[in-house]
Amino acid sequence: MMDRRSAIKFLGATIPVLFLSKFSSATPDWAKAPFNPNWQSLERYNVPDWFRDAKFGIWAHWGPQCQPEYGDWYAQGMYKEGSDQYNYHLEKYGHPSVFGFKDVIHTWKAEKWDPEQLVKFYQKIGAQYFMAMANHHDNLDLYDSTHHAWNSTRVGPKKDIIKGWRDAAKRQGLRFGVSVHAAHAWTWYEPAQLSDKKGGKVGVAYDGKATIKDGFGKWWDGMDPQELYVQEHALSQNAVSGKQTLEQWDWKEGSGVNIPSQKYSHNFRERTVDLIDKYHPDLVYFDDTALPLWPVSSVGLDITSHYYNKSQKENNGVLDVVVTGKLLDAQQRKCLVWDIERGHSQKIEPIPWQTCTCIGSWHYDKRIYDRDQYKSALTVLQKLVDVVSKNGNLLLSIPLRGDGSLDDKAYKIVSEIGDWMAVNQEAIIGTRPWHTFGEGPAQQFSTQFDGPGNNEGKGIAFSGKDVRFTTKGPALYAFIMGSPDQGKVKISSLANGLKQAKRINSVTVLGSNEEIVFDQDQTGLSVLLPKSIQKQDSIIVMELT
54 MMDRRSAIKF LGATIPVLFL SKFSSATPDW AKAPFNPNWQ SLERYNVPDW FRDAKFGIWA
114 HWGPQCQPEY GDWYAQGMYK EGSDQYNYHL EKYGHPSVFG FKDVIHTWKA EKWDPEQLVK
174 FYQKIGAQYF MAMANHHDNL DLYDSTHHAW NSTRVGPKKD IIKGWRDAAK RQGLRFGVSV
234 HAAHAWTWYE PAQLSDKKGG KVGVAYDGKA TIKDGFGKWW DGMDPQELYV QEHALSQNAV
294 SGKQTLEQWD WKEGSGVNIP SQKYSHNFRE RTVDLIDKYH PDLVYFDDTA LPLWPVSSVG
354 LDITSHYYNK SQKENNGVLD VVVTGKLLDA QQRKCLVWDI ERGHSQKIEP IPWQTCTCIG
414 SWHYDKRIYD RDQYKSALTV LQKLVDVVSK NGNLLLSIPL RGDGSLDDKA YKIVSEIGDW
474 MAVNQEAIIG TRPWHTFGEG PAQQFSTQFD GPGNNEGKGI AFSGKDVRFT TKGPALYAFI
534 MGSPDQGKVK ISSLANGLKQ AKRINSVTVL GSNEEIVFDQ DQTGLSVLLP KSIQKQDSII
594 VMELT
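First residue of the sequence shown: 54, per my numbering; consecutive thereafter.
This is the structure:
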């Protein structure tokens, strides 16, 4: 008889094969298709030029967990007795044995959601692509899902959210992406199986174990909560304590994670392929290590190869789409675009990559608004410039209220980003890295990623002594990342005698007609900025030719 470790190892090795043989699409002819569902085949992927050029995207990480307006991972936190979100839920909605997350979904109406107005605003401020969340770990599909009854056309707002976003993006000429997070619902929702350990409802089960029979005569009559919560399985190790490890998140062998069933994984595949085939996104973002359910299932490989082959078929052999994944190894970075969550690379990456971050919480949190804790426009722009100088893109999430509206503080920040982009986006969009990404004291970030990234804000703050570079055609752009001391800028990377330092014939500041005084010698390029420019509380961009 196998021990637990051997059994998990066996499952990790055999389930991918089982899925390909039993649950792949009806008549796939992988032998003739350009891409097969394996890493070696996907290595032939090349990042399309549109993504290389885009540099800046906006993300609506918006769904039913924004309705309580109480922060990220609400649909899990509300089931953790004693947590901040649990206590808030008791006060606002009632006990999670009576009013669970399915009932929160029912209250979500998205009554002020205007995708046309929002996407038009994002296009105006310089975004080149727009991404919308198609589902989160809460497992609600925000589109007309053929394979999942719990979707936004049947419950909650009863609207096709993805169609609304997609149509608005296409009308504004933006590339459109979808983010898919639902592969983790299997373990993420496990706290919904629990019950209180103290108080007046000790032992009264939360609604994570509710079935279709429990809905008789209620608003969800005829709907099976288990299609949403998928909790008819044993708990993973540490589920009761709530201390899920990264190894469990990654479905690692021997981590104590409960391995998803074939039915669950197959359904995830069908839902995601349906999303791709029905809405034709230009980008699919997976909130997973490598690909969804890897390595205990090959459905992520199957979805990706299907997507790549579909793109080539529809574009005369040209692969024009992007798939992102996290915590990629060297081989996987050839197959997908590496996404670093709330983090930085320390160098120019040879293959285009992306960082995703948010000005606040991933899901709307009114407390962040009340405390004025959003990132400033300057902080966002500094991140954008740093990432672009290293061959990356910035995907910026702008939190929306539960009703779908943009609050006044977020609107102001986004507007300020747009004001800067209106003057300087030529130095961002369509550019490529220079010989070095930059110079100055703020070059060293924490090299230790916390999971998928999360080294944001752990290094030295940018100042006027920090410079970043991009190139486009004959132009070299130098970004002064803060206010320079007395308007004096020194760029050592352009010292005479250095291999990359060609003779600079002119220096101009984007958005200014002022004449710029400069000198280039063996120590570098020295620039004296006029007083009118010195007073700018933003990133100054110089075009050097």
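All C-beta atoms, glycine included, are put in the ideal place defined by N, C-alpha and C. Because the structure is a prediction, the values reported are computed rather than measured.
My assumption, with CB atoms under 8 Å, is that K387 sits in contact with D341. Please give the rounded CB distance. Here residue 387 refers to the residue found at position 334 when the sequence shown is read from its first residue. Here residue 341 refers to the residue found at position 288 when the sequence shown is read from its first residue. Actually they do not touch by this definition, with Cβ atoms about 18 Å apart.
I'd like to know whether the C-beta atoms of G540 and L581 end up nearer to each other than 7 Å. Taking the sequence shown and counting its residues from 1, one reaches residue 540 at position 487. Taking the sequence shown and counting its residues from 1, one reaches residue 581 at position 528. G540 places its beta carbon less than 7 Å from that of L581.
Buried or exposed (CB count within 10 angstroms, at least 16 for buried), E567: For this step, residue 567 is matched to residue 514 along the sequence shown. With fewer than 16 neighbouring CB atoms inside 10 Å of its own CB, E567 falls in the exposed class.
If we call anything under 7 Å between Cβ atoms a contact, is N111 one with Y196? By one-based count along the sequence shown, residue 111 stands at place 58. By one-based count along the sequence shown, residue 196 stands at place 143. Reading off the sequence, residue 111 comes out as Ile, not Asn. The answer is no: Cβ separation not under 7 Å.
Is the separation between the beta-carbon of N25 and that of S294 shorter than 7 Å? Absent from the model: residue 25. The displayed extent of the chain is 54 to 598, so no value can be given.
Please state whether DSSP places T357 in a helix, a strand or coil. Translated into the one-based positions of the sequence shown, residue 357 becomes position 304. Per DSSP, reduced to three states, the secondary structure at T357 is helical.
For G445, does the three-state DSSP call read helix, strand or coil? Here residue 445 refers to the residue found at position 392 of the sequence shown. G445 carries a strand assignment under DSSP once its states are collapsed to helix, strand and coil.
Is L529 helix, strand or coil by DSSP? Stepping through the sequence shown from its first residue, residue 529 is reached at position 476. If DSSP states are grouped into helix, strand and coil, L529 belongs with the strands.
Would you call the CB atoms of W391 and W406 closer than 7 Å? Position 338 of the sequence shown holds residue 391. Position 353 of the sequence shown holds residue 406. A Cβ-Cβ contact shorter than 7 Å links W391 with W406.
Give the C-beta separation of S516 and A531 to the nearest angstrom, bearing in mind that I take them to be a contact with Cβ-Cβ under 8 Å. As a first step, residue 516 must be located in the sequence shown, where it is residue number 463. As a first step, residue 531 must be located in the sequence shown, where it is residue number 478. Not confirmed; about 15 Å, so no contact.
Beta-carbon contacts of S559 that lie in its chain and below 7 Å, excluding the five residues immediately before and after: Position 506 of the sequence shown, counted from the first residue, corresponds to residue 559. The residues are T598.
Tell me which same chain residues have a C-beta within less than 7 Å of the C-beta of R521, skipping the five on either side of it? Along the sequence shown, one-based indexing puts residue 521 at 468. Non-local C-beta neighbours of R521 in its own chain, meaning closer than 7 Å and more than five positions away in sequence, comprise V438, D439, S442, F490, G491, F532 and M534, ordered along the chain.
Applying the criterion that 16 or more other CB atoms from any shown protein chain within 10 Å of the CB defines a buried residue, is K552 buried or exposed? Working through the sequence shown from its first residue, we reach residue 552 at position 499. The residue in question, K552, is exposed, as its Cβ has fewer than 16 Cβ neighbours within 10 Å.
Judging by CA-CA distance, which residue of V375, D330 and L448 is the nearest neighbour of C411? Position 358 of the sequence shown, counted from the first residue, corresponds to residue 411. Taking C411 as reference, the option from V375, D330 and L448 with the minimal CA-CA separation is L448.
Would the beta-carbon of D274 be found less than 6 Å away from any heavy atom of the ligand GTP? Here there are no bound small molecules, and the ligand GTP is not part of this structure.
With 16 as the cutoff for other CB atoms within 10 Å, does T264 come out buried or exposed? Within the sequence shown, numbered from 1, the residue matching residue 264 stands at position 211. Here T264 is exposed. Its C-beta has fewer than 16 other C-beta atoms within 10 Å.
Pairs of beta-carbons, one from the region 142 to 157 and one from the region 254 to 268, closer than 8 Å: are there three or more? Per the Cβ contact rule, the region 142 to 157 is in contact with the region 254 to 268 (3 or more Cβ pairs under 8 Å).
Where do the N-terminal and C-terminal ends of the alpha helix (DSSP H) with S318 fall, by residue? Within the sequence shown, the letter at position 265 stands for residue 318. Per DSSP, S318 belongs to the alpha helix (DSSP H) from Q315 to Y332.
I need the DSSP call for F76, collapsed to helix, strand or coil. As a position in the sequence shown, residue 76 is number 23, starting the count at 1. Legend: pLDDT at F76 = 36, less than 50; position of this residue unreliable, no value from coordinates given.
6 Å Cβ shell around M595 - same chain, five flanking residues per side excluded: Counting from one through the sequence shown, the residue named residue 595 turns up at place 542. For M595, where only same-chain residues beyond five positions count, the Cβ hits under 6 Å are A531, V560 and V562.
Following the continuous beta strand (DSSP E) through G252, name the residue where it begins and the one where it ends. Residue 252 sits at position 199 when you count from the first residue of the sequence shown. Where G252 is concerned, there is no enclosing beta strand (DSSP E), because DSSP gives it neither an H nor an E.
Whole-number beta carbon distance between L336 and Y98, since they are thought to touch under 8 Å: Counting from 1 along the sequence shown, the entry for residue 98 is found at position 45. Counting from 1 along the sequence shown, the entry for residue 336 is found at position 283. Not a contact, Cβ separation roughly 13 Å.
Suppose you measure from the CA of D456 to the CA of F229; what does that come to, to the nearest Å? Taking the sequence shown and counting its residues from 1, one reaches residue 456 at position 403. Taking the sequence shown and counting its residues from 1, one reaches residue 229 at position 176. Per the coordinates, the alpha-carbon of D456 lies some 22 Å from the alpha-carbon of F229.
Go to R219, then tell me how far its alpha helix (DSSP H) extends in each direction, as first and last residue. Within the sequence shown, residue 219 is the residue found at index 166, counting from 1. Boundaries of the alpha helix (DSSP H) harbouring R219: I214 to R224, taken from the DSSP string.
Just to confirm my understanding: we take V208, look at its own chain, exclude 5 residues before and 5 after, and list those with CB closer than 6 Å. What are they? Residue mapping note: residue 208 aligns to position 155 of the sequence shown, counting from 1. So the qualifying residues of the chain are I158.
Just to confirm the assignment, what range does the beta strand (DSSP E) spanning S579 have? In the sequence shown, the residue the question calls residue 579 occupies position 526. Its beta strand (DSSP E) spans residues G577 to L581.
Within 8 Å, do at least three Cβ pairs link the region 469 to 487 to the region 125 to 138? Counting Cβ pairs under 8 Å, fewer than three are found: no touch.
DSSP state of N188 mapped onto helix, strand, coil: Mapped onto the sequence shown, residue 188 falls at position 135. Note: N188 maps to strand in three-state DSSP.
Let me make sure I understand the geometry here. Which of P345, Q93, C119 and K212 has the alpha-carbon closest to that of D460? Taking the sequence shown and counting its residues from 1, one reaches residue 460 at position 407. Nearest C-alpha to D460: C119.
When we look at the beta-carbon of A236 and count the other beta-carbons within 10 Å, is it buried (16 or more) or exposed? Taking the first residue of the sequence shown as position 1, residue 236 is located at position 183. Flag for A236 reads buried.
For the alpha helix (DSSP H) holding V562, just list the boundary residues, first then last. Here residue 562 is taken as the residue at index 509 of the sequence shown, counted from 1. Premise fails: V562 lies in the beta strand (DSSP E), V560 to V562, not in any alpha helix (DSSP H).
Return helix, strand or coil for K366, following the three-state DSSP convention. Translated into the one-based positions of the sequence shown, residue 366 becomes position 313. Helix, per DSSP.
Here's the rule: buried if 16 or more other CB atoms are within 10 angstroms of the residue's CB, otherwise exposed. What is Q301? Within the sequence shown, the letter at position 248 stands for residue 301. By the Cβ neighbour-count rule, Q301 is buried, with 16 or more other Cβ atoms within 10 Å of its own.
For R454, tell me which candidate among K296, Y422 and W473 has the shortest Cα-Cα distance. Counted from its first residue, the sequence shown places residue 454 at position 401. Per the Cα distances, Y422.
Assuming G504 contacts P452 (C-beta within less than 8 Å), just tell me the rounded distance between them. As a working note, residue 504 is residue 451 in the sequence shown. As a working note, residue 452 is residue 399 in the sequence shown. In fact, because the Cβ distance is near 21 Å, the residues do not count as touching under 8 Å.
Using 8 Å for Cβ pairs, my map puts M184 next to Y338. What's the rounded Cβ distance? Here residue 184 corresponds to residue number 131 of the sequence shown, with the count starting at 1. Here residue 338 corresponds to residue number 285 of the sequence shown, with the count starting at 1. Contact holds; Cβ gap of about 6 Å.
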